[in-house]
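Shown next, in structure tokens, is the structure this report addresses.
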Amino acid sequence: MANETRTMTRAAPFIGLAVLLVVTALAYAPTLDGGFVLDDDRVVTWNPELRRHDALLLPGLAQMLGTGRPLTSVTFAWDLRAASLDPRRFHVTGLVLHLVAVVMAFLFLRSLLGRVGHPRPGGVALVATALFALHPIQMESVAYVSQRSEVLSTILYLATLLLLDAAVRRWRSWGGLAAWAGGIGTWVLAMGAKAIALSLPGSLVLDQLVLAPAGERGGRSAARRGLRALVVAAPVAALVAWSASLQLSEMAATPTGGAGFTATSLSGWQYFLTQLRVQWLYVRLLAWPSGFSIDRPFEASRTLDPAAAVAGMGVLLVVAFALWMWSRAERADRDAPALRLGAFGLLFWFVVLSPTSSVVPVMDLAVEHRVYLA
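The numbering of the sequence shown is my numbering, which starts it at 41 and goes up by one.
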């Protein structure tokens, strides 16, 4: 009887995940009847690249790390060959990918919770995953066909973190080497979906530094974890540097592409000031999900005006609070999983948003689909 009870306890989060997937599919079902809108025409309807004979093939590494989204384009080409320009097929694929992202989010969160010694990793991960799956701010990424790239890159981003976390744990074994190689491969694919994956080395180092295994505390332990994470992240970090160089060159060559230092009238500093305010817009939409917009106007900050200054002070306070929680967890007499998870969650938000909310100007100042992974 006791064995059956333990088996049911272990299985309960996965049963809950199955129910969550059904509920999520039902919640998004009305979007399947939507059509193509805005950028969908440029990306899908009128895109001759999707009709090329080699459209289902991935390009070389340089193209995967550039400004294009070749992996996302392959999925569009696949849908186009299967159902021509029937929008329903494209929406179904987008929803299926969101469901896969929900599973990946659950596995990632469960792994993190288990690492820090949380007594109920499956149950807490399920609650957090439900918020990820069903929060209204995710609608744009799931239902807006051209933003499939956000969902696809998120799936591969989380897969990469899981693999590289395994590589850190088993870094002197053949299994660790295999996980390391697999993680580098999934990261390249994530970049082929969307360049939000540029932030992954930072996310890996962050999760290894902050989320110590149960029983590990103190500065020396943190230094060892950080060193291992830096070693494992080094190949990806080198590819990130190459990718950044490629992307900045491509942006400079195509100033009308919507991103880069010549794409808008804003300098890097002005864009950064603007993004300090955008961060709080995203937080407000998370806390009070009302007033969403697929094409949101947002006034830029061209100087350090009062609004940007207050927003910046708020960001600094949040980061300082996260660092304080992490420091307290390292100095505590016993494991403090709640402090570690809180610190990681706050810092993860800023790291993941850094490719689009830092100093490289993007024409659309505030876009809700950027929050999907964060």
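Built from N, CA and C at the ideal position, the CB exists for glycine as well. Note that the structure is a prediction, hence the values are computed from the model and not measured.
| Query | Result |
| --- | --- |
| Check whether the stretch 126 to 140 and the stretch 67 to 77 touch, using three or more Cβ-Cβ pairs below 8 Å as the test. | yes |
| Taking A65 and A95 to be in contact with their CB atoms under 8 Å, please state how far apart those CB atoms are, rounded to whole angstroms. | So it is not a contact: roughly 28 Å between Cβ atoms. |
| Going by C-alpha to C-alpha distance, which of T169, V62, Y68 sits closest to L198? | T169 |
| Please specify which runs of the alpha helix (DSSP H), each continuous and at least 4 residues long, are wholly inside the stretch 116 to 168, giving them in chain order. | 127 to 155 |
| Which residue spans inside the stretch 187 to 246 form an unbroken alpha helix (DSSP H) run of at least 4? | 188 to 209, 214 to 233 |
| I'd like to check one pair, E256 with H409: are the Cβ atoms closer than 8 Å? | no |
| Buried or exposed: where does R317 fall if 16 or more other Cβ atoms within 10 Å of its Cβ makes it buried? | buried |
| Can you give me the start and stop residues for the alpha helix (DSSP H) that S394 sits inside? | Unbroken run through S394: none, as it is neither H nor E. |
| So, for A219: in the same chain, excluding its five sequence neighbours on each side, which residues have a beta-carbon less than 8 Å away from its beta-carbon? | L203, L204, A206, A207, R210 |
| From this set, R324, A254, G134, which residue's C-alpha is nearest P161's C-alpha? | A254 |
| Can you tell me the Cα-Cα spacing of A173 and S189, whole angstroms? | 17 Å |
| Nearest to G100 by alpha carbon, out of P110, R91, R92, H93? | P110 |
| Based on the DSSP secondary-structure assignment, which residues constitute the bridge partners of V402? | A299 |
| Assuming T200 and A233 make a contact with CB atoms under 8 Å, what is their CB distance in whole Å? | Not quite, the Cβ-Cβ distance comes to about 12 Å (not below 8 Å), so this is no contact. |
| Along the chain, where does the alpha helix (DSSP H) that runs through P346 open and close? | 346 to 371 |
| What's the C-alpha gap between Q315 and I177? | 18 Å |
| In the structure shown, what three-state DSSP assignment does F332 receive? | coil |
| Assuming contact is defined by CB atoms lying nearer than 8 Å, are W366 and V272 in contact in what I supplied? | no |
| DSSP three-state call for G255: helix, strand or coil? | coil |
| Considering only their Cβ atoms, is the gap separating V84 from V39 smaller than 8 Å? | The question about residue 39 has no answer here: the residues shown for the chain are numbered 41 through 414. |
| Please give me, in chain order, every unbroken run of the alpha helix (DSSP H) with length at least 4 that falls completely inside the stretch 41 to 90. | 42 to 68 |
| For L279 versus F146, is the C-beta spacing smaller than 8 Å? | no |
| CA-CA distance, A376 and L153? | 11 Å |
| Given a threshold of 16 other Cβ atoms within 10 Å of its Cβ, counted over all protein chains shown, does I55 qualify as buried or as exposed? | exposed |
| Just the Cα atoms here: how many angstroms apart are A3 and S330? | Because residue 3 is not part of the residues shown, which for the chain are 41 to 414, the question remains open. |
| Looking at C-beta atoms only, is the number of pairs between the stretch 307 to 314 and the stretch 385 to 399 that lie closer than 8 Å three or more? | yes |
| For the alpha helix (DSSP H) that G308 lies in, which residues bound it at each end? | 308 to 327 |
| Looking at L105 and S283, is the spacing between their C-beta atoms short of 8 Å? | yes |
| Please classify A378 as buried or exposed, where buried requires at least 16 other C-beta atoms within 10 Å of its C-beta. | exposed |
| Identify which residue in T71, E370, L72, A235 has its Cα closest to the Cα of V156. | E370 |
| On the CB-based measure, 16 or more other CB atoms within 10 Å of its CB, does W227 come out buried or exposed? | buried |
| What does the alpha-carbon distance come out to for the pair D80 and G258? | 51 Å |
| Quick one: measure Cβ to Cβ for F417 and V350, integer angstroms, because I've assumed they're closer than 8 Å. | Residue 417 cannot be examined here, being either before or after the span of the chain that is shown, 41 to 414. |
| Quick one, are the C-beta atoms of T133 and T115 less than 8 Å apart? | yes |
| Can you tell me whether DSSP reads R380 as helix, strand or coil? | helix |
| Can you tell me which of the three DSSP states S261 falls into? | helix |
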